[in-house]
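Residue numbers (our numbering): 932 to 1041. Cβ coordinates follow ideal geometry from the N, Cα and C atoms, glycine included.
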């Protein structure tokens, strides 16, 4: 029993360090934490360009269960006046309230 408790304690101490190391690597690359989704996907952002009320936003997806690549980046246009975002090769989209897209727009504009 003592061995089990000791093992659990050691695991509890080590696990946050792994998460902190991952966060430091992301932040060292200029990535800021934006939000997470219910499916466990984490989103980190980096503003690539600012031009008036528009932004070019890079969003890094980590641990996306719907993708074979668990760590990838997508680029979006964001219009801060209209609060619309534009995936590459798509039309402008209104970010629905309480979605990750709304969090991306807030990160880019606020």
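1. For residue 978, which of 963, 967, 1032 has the nearest alpha-carbon?
2. Would you decide whether residue 1023 is buried or exposed? Buried here means 16 or more other CB atoms lie within 10 Å of its CB.
3. Excluding the 5 residues preceding and the 5 following residue 1011 in the sequence, name in chain order all residues of the same chain whose CB lies nearer than 8 Å to its CB.
4. Contact defined as beta carbons within less than 8 Å: I believe residue 988 pairs with residue 976. What is the distance between those atoms, to the nearest angstrom?
5. Between residue 966 and residue 1009, is the Cβ-Cβ spacing less than 8 Å?
6. Suppose the cutoff is 7 Å on Cβ atoms and the five residues either side in sequence are ignored; what does the same chain contact list for residue 994 look like?
Put simply:
1. For this step, residue 978 is matched to residue 47 along the chain shown. Out of 963, 967, 1032, 963 has the C-alpha closest to the C-alpha of residue 978.
2. If you number the chain shown from 1, residue 1023 lands on position 92. That one is exposed.
3. Translated into positions along the chain shown, residue 1011 becomes position 80. Closer than 8 Å at the Cβ level, and outside the excluded window around residue 1011, lie 984, 985, 986, 1036, 1039, 1040.
4. For the purposes of this step, residue 988 is taken as the residue at position 57 of the chain shown. For the purposes of this step, residue 976 is taken as the residue at position 45 of the chain shown. Contact holds; Cβ gap of about 6 Å.
5. Stepping through the chain shown from its first residue, residue 966 is reached at position 35. Stepping through the chain shown from its first residue, residue 1009 is reached at position 78. Against a cut-off of 8 Å, the Cβ pair of residue 1009 and residue 966 comes out as no contact.
6. Along the chain shown, read from residue 1 onward, the residue named residue 994 stands at position 63. Within the same chain, Cβ atoms closer than 7 Å to the Cβ of residue 994 are found at 971, 972, 973, 1001, the five residues on either side in sequence being excluded.
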